[in-house]
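Structure, as structure tokens:
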Amino acid sequence: MSSKIVSKTSNISEIYSTDLTSHSERFSNLKKRFEEIYGESPEFIARSPGRVNVIGEHIDYCGMPVFPMAVEQDTIVAFRAKDGNQVNVSNMNAEKYQSFSFNFSKEDIVHIDSKVHAWSNYFKCGYKGAIEKMKIDSPKGMDCLVDGNVPTGSGLSSSSSFVCTVVLAVQKANGYSLDKEQIVKTSVDSERYTGVNGGGMDQTCSVMATGSSALFIEFYPKLRVTPVKFPASSQSYAFVVANSLVVSDKHVTAPVCYNLRVVETRIASLMLAKALNLQDDDVVSNANPLTMKIIMDALHNNQDVQNKSDVEIWIERLNTMLKHTDEIFGDHPDGYTWEQCADYLNLSVEELKLKIRADLYPIRADYLQIFKRTKHVFSETLRVVKFRQTCEESTSADVYNQLGSLMNDSQESCDKLFDCSCTELNELCQIARESGSIGSRLTGAGWGGCTISLVPESMVDNFIKDVKEKYYGKRYPNLTREELNNSIFSTRPGSGMYLYSV
Ligand code: NG1
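For the sequence shown, the UniProt record's numbering gives the first residue as 1, with consecutive numbering after it.
Here's what the structure looks like:
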């Protein structure tokens, strides 16, 4: 694995592999504007990328592994530490994102109103999280200038790229260690201050990406990141990201979309523990939160794993869990009411709501889709494990078709079982397949945002032309050429977090 500490550089070509001239210009424009606003040069530029998830959706918060890669688009924050405890923040896109300032306060570090959806919240979350973790009584003041080019609300993790970058800047400004794993943990906790009960995939990928590889990220029993290369084959393949242009604001829709899914999977874990007689298991009873990965591990605690590979163990266990899912929840294919879930667990509805922290992350639902969500989680994890195995082990000439078909199956499950797709995403995947993609699926939280499609490299130009015509031409005929080019592009695994010395 790469270094444990965030890489430092003053060489743009270490960070980016293409378009070096435009990246250099972007960095020097940021520096110039910083000097205009604050009258001094920045000391450093913190940088952390967005990510595209290749496969493994909505399973990170269940403790299950995922398979994302960093994209080249990123957030960069030029900063300078200064005396006093005032923090000033401006954005290169000053029209859209207004400047703001705040002072560190001993009571709550900085006040964040998670009911208001403002860009300043993401900065404040990163700041608060970092100061809290560092346990600093009197942090330094800071001047900061932000520039981000990860499309927002598109499932490419603009928010995590921003929060991770802020955490790095705040830690550096206060002379704190730049240990990557610790920055990941801080960033994950920090982002929850926005009111979304997120998993850890985006921050881990943003911080830990190594360039030229995707990452197999495991969260439990401990964070483990394994870079995985895409297989060599006689025909080259590319990943194309296409934005449905349906803006899915996770923060706004959280009570009926993202946070509700987290709650459904948490309640499913409690019910599985009960059905499988694991309630008295030490790890299970002390887990907070209890996830499906903890249940799966606890159930197989005494399994003889000698002479079995990791992959064999994963596949065997996941198939067992899928069988249990059918047996335990299969008679409620259309969901459970709150009362039914609470009864199952011998709790009152109020007790259940408290247990899954509905007080912190409010949700709205009459029916909880325990069966469908559980089935998605275990089957999606199986696809992630098989995807990695195929990348690492397959010698078949058909290897990319195997990967593509896992991506198509993932889309089907996201749509039918996890209900996180939408008409436009389904249409975009369908058009992608008709235009030559061998695997196409939504990426990120869904309900809008982007798709990722696996396309033979030699067909990429035609593929993009076709999708532009059939999807954007029909649904968004008034896009400018630039908007269109930003909406669909081919991507390769990019590098992770960097600290750039000015
Ligand atoms: P995006 O697409 O960036 O909103 C969200 C979560 C991930 C993961 C995916 C779904 C955050 C910061 N990100 O990603 O952890 O759960 O949805 O796979 O909450």
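We put the beta carbon where it would ideally sit given N, CA and C, even for glycine.
Cβ-Cβ distance between residue i and residue j below 8 Å
i	j	result
F371	H332	yes
L382	L318	yes
residue 503	L499	For the chain, the structure presents residues 1 to 502; residue 503 sits outside this window and is missing.
M69	A242	no
A173	F79	yes
C414	G444	no
T451	L425	yes
D60	M201	yes
G63	I356	no
V207	L215	no
V252	H58	no
C429	R441	yes
M92	L145	yes
D179	G141	no
T204	V225	yes
A342	L352	yes
S453	S437	yes
T325	Y367	no
S248	G448	yes
I183	V66	no
F27	I37	no
T75	G148	yes
Own chain residues within Cβ distance below 8 Å of residue i, not counting five before or after
i	result
S101	Q86, V87, N88, V89
S41	K31, F34, E35, R80, V502
L406	I55, R383, K386, F387, T390, G439
V71	P49, G50, R51, V52, V150, L156, V241, T491, G494
Close Cβ partners of residue i (< 7 Å) along its chain, the five nearest in sequence each way excluded
i	result
D466	S435
K468	L484, I488
S10	Y500, S501
K8	L499, S501
A273	Q279, V284, L290, I295
Start-to-end residues for the alpha helix (DSSP H) that takes in residue i
i	result
C420	No alpha helix (DSSP H) contains C420, which DSSP labels as neither H nor E.
R80	Run containing R80: none in the alpha helix (DSSP H); it sits in the beta strand (DSSP E), 67-82.
F463	460-467
T381	370-393
K180	180-192
G404	399-416
S157	Neither: S157 is in no alpha helix (DSSP H) and is coded neither H nor E.
K293	292-299
N29	20-38
G129	119-134
R266	258-275
N282	First, the amino acid is wrong: residue 282 is Asp here, not Asn. D282 -> alpha helix (DSSP H) spans 282-286.
K470	Neither: K470 is in no alpha helix (DSSP H) and is coded neither H nor E.
Residues sharing a beta bridge with residue i, DSSP
i	result
V240	S453, S490
Q86	N103
Q365	A small fix is needed here, since residue 365 is Ala in this sequence, not Gln. None, per the DSSP bridge assignment.
N307	BP columns for N307 are empty, so no partner.
L226	For the record, residue 226 in the displayed sequence is Thr; it is not Leu. Looking at the DSSP assignment, T226 forms a beta bridge with F216.
A46	V77, L499
N91	V146
L53	First, the residue type needs correcting, since residue 53 is Asn and not Leu in the sequence shown. For N53, which the question treats as bridged, DSSP gives the partners P68.
Y336	L368
I109	S105
G195	DSSP output for G195 lists no bridge partner at all.
G141	K82
Residues of its chain near residue i, where Cβ-Cβ distance is below 6 Å and the 5 sequence neighbours each way are ignored
i	result
A275	I328
residue 506	In this structure the chain extends from 1 to 502, so residue 506 is not present and cannot be described.
L260	I363, A365
W314	V385
K250	V196, Y258, A445
Y176	M134
Y471	L428, I431
G198	E191
S212	P493
Q98	none
Extent of the continuous beta strand (DSSP E) run through residue i
i	result
Y500	498-501
S7	7-9
L442	439-442
beta-carbon residue i near the ligand GDP non-hydrogen atom, thresh 7 Å
i	result
E380	In the structure on display, the ligand GDP does not appear, and the ligands it does have are the ligand NG1.
Fill in: Stretch pair the segment 224-243 + the segment 398-408: three plus CB contacts closer than 8 Å
yes
Discussion item. Whether or not the segment 125-142 and the segment 182-193 are in contact is what I'm after, with contact meaning three or more pairs of Cβ atoms, one per stretch, closer than 8 Å; do they touch?
Written reply: yes
Worksheet item: Do the segment 99-118 and the segment 153-164 meet, that is, are 3 or more Cβ pairs less than 8 Å apart?
Response: no
Worksheet entry | contact_flag[the segment 261-270, the segment 360-374] where n(CB pairs < 8 Å) is 3 or more | yes
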